[in-house]
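Asks: Sharing a structure, written as structure tokens. Questions coming.
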Amino acid sequence: MKFTFFILSLIIISFCSCKENRKVGTTQTKVASKNNSTKIKKVSEKELTFEETQDSLRKLILNSKPNENLKSSILQELYIRGLVNEEHGKIKFDLPFNLHGFDCGAPDCYSTDLKFEIEA
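Residue 1 is where the sequence shown starts when you use our numbering, and the numbers rise one by one after that.
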């Protein structure tokens with residue numbers, strides 16, 4: 001008799017708790033769907049692709065750099081990243097070239113940098 005009462009009470013409790021969760025879930029989805037529909041409309045009007053965003057950022061960075069020779073050359077990407085500069089008639093390269101992975105066994109302070117310069 002005690003076992004039957006226990007099983008019956010568990011069924012009633014689980015049924016009641018599921019019913020309350022369903023009510024809360026439906027109201028939340030209704031509210032969320034109303035807000036999302038207006039947000040989706042606003043975002044879709046202004047949405048840019050990744051390539052368009054990347055190109056516009058590239059143009060802004062290039063416009064802020066002073067050296068026209070490096071802007072229009074094959075070294076443009078390195079110039080954007082600050083790895084190439086022109087000083088005293090020479091183009092100086094400073095390339096961090098880390099040969100070591102995260103857990104390769106080398107000390108953490110060990111790094112490899114390539115530095116060289118060529119005549120401009």
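Where a beta carbon is used, it is the ideal one built from N, C-alpha and C, also for glycine.
Just how far apart, CA to CA, sit F97 and L75?
Replies: Taking the sequence shown and counting its residues from 1, the one referred to as residue 97 is at position 97. Taking the sequence shown and counting its residues from 1, the one referred to as residue 75 is at position 75. Each residue's alpha carbon lies about 17 Å from the other.
Asks: What would DSSP say about F93, mapped onto helix, strand or coil?
Replies: Walking along the sequence shown from the start, residue 93 turns up at place 93. Three-state DSSP puts F93 in a strand.
Asks: Just curious, the beta strand (DSSP E) that N85 is in, first and last residue?
Replies: Numbered from 1 along the sequence shown, position 85 holds the residue referred to as residue 85. Segment V84 to E87, the beta strand (DSSP E) holding N85.
Asks: If you draw a straight line from the alpha carbon of L48 to that of R58, how long is it in whole angstroms?
Replies: If you number the sequence shown from 1, residue 48 lands on position 48. If you number the sequence shown from 1, residue 58 lands on position 58. Taking the straight line from one Cα to the other gives about 15 Å.
Asks: Identify every residue that forms a DSSP beta bridge with E47.
Replies: Locating residue 47 in the sequence shown gives position 47, where the first residue counts as 1. Bridge partners of E47: none, in fact.
Asks: If you follow the beta strand (DSSP E) that I118 is part of, which residue opens it and which one closes it?
Replies: Locating residue 118 in the sequence shown gives position 118, counting from the first residue. Per DSSP, I118 belongs to the beta strand (DSSP E) from D113 to E119.
Asks: According to DSSP, simplified to helix, strand and coil, what is N67?
Replies: What you label residue 67 is simply residue 67 of the sequence shown in a count that begins at 1. Here N67 sits in coil by DSSP.
Asks: Grab me the residues of L78's own chain with a C-beta within less than 7 Å of its C-beta, minus the 5 sequence neighbours each way, in chain order.
Replies: Taking the first residue of the sequence shown as 1, we reach residue 78 at position 78. Closer than 7 Å at the Cβ level, and outside the excluded window around L78, lie V84.
Asks: So the candidates are L114, G82 and I7; which of them puts its Cα closest to the Cα of K65?
Replies: Looking up residue 65 in the sequence shown gives position 65. The shortest C-alpha separation from K65 is found at G82.
Asks: Within the continuous alpha helix (DSSP H) that includes I74, where are the two ends?
Replies: Here residue 74 corresponds to residue number 74 of the sequence shown, with the count starting at 1. Careful: I74 lies outside any alpha helix (DSSP H) and carries neither H nor E.
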